[in-house]
Amino acid sequence: MDQSLMFVLLNSPESPIPRPWERCFDIRNEVLFYTNTLDDTILIDLRCQINLGGGLFHTDNMWQELAGCTSCVRHCPSVLQSRNPLPFLLHATCCGPLVYLLMPEFVNHCPFCESFVYIVG
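Here the sequence shown is numbered in my numbering, starting from 36 and rising by one per residue.
Right, dumping it as structure tokens:
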């Protein structure tokens, strides 16, 4: 996994996404993800609130749906109340060899297939 992308996502959202990565948004499923144009690696961003830079934020409830958190408020209050919520990067082998998930909190099973996942960061 490219550390330059992770640095920008977690520490410097005002900076442009480093090449060869591109920020993408699936309008139908409302999913924000990043794709590497050289090796087709995909990073699906499941964080509840994502700083896109320039004062823009993307708010997503996909994590609550995947985690079965039906009583959660739209903005993941337990995660956002933490001063520095550190997301976890997981390699999701069920989605393909080059798919990673940026999760808002620690999990040890894939939210898609419930299989054990390899923790990358």
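Glycine included, every Cβ here is placed at the ideal spot set by N, Cα and C. Please read these numbers as outputs of a predicted model, since none were measured by experiment.
Query: Relative to the alpha-carbon of G90, which residue among C129, T128, R82, S50 has its alpha-carbon at the smallest distance?; Result: S50
Query: Given that a residue counts as buried once 16 or more other Cβ atoms are within 10 Å of its Cβ, and exposed if not, what is R82?; Result: buried
Query: Would you kindly work out how many angstroms separate the C-alpha atoms of R109 and N96, rounded to a whole number?; Result: Note that R109 has pLDDT 42, beneath the 50 cutoff, so the model's placement of it is unreliable and the number below is only indicative. The straight-line gap from Cα to Cα measures roughly 6 Å.
Query: Taking buried to mean at least 16 other C-beta atoms within 10 Å of its own C-beta, is I62 buried or exposed?; Result: exposed
Query: What is the residue span of the beta strand (DSSP E) that V66 lies within?; Result: 66-71
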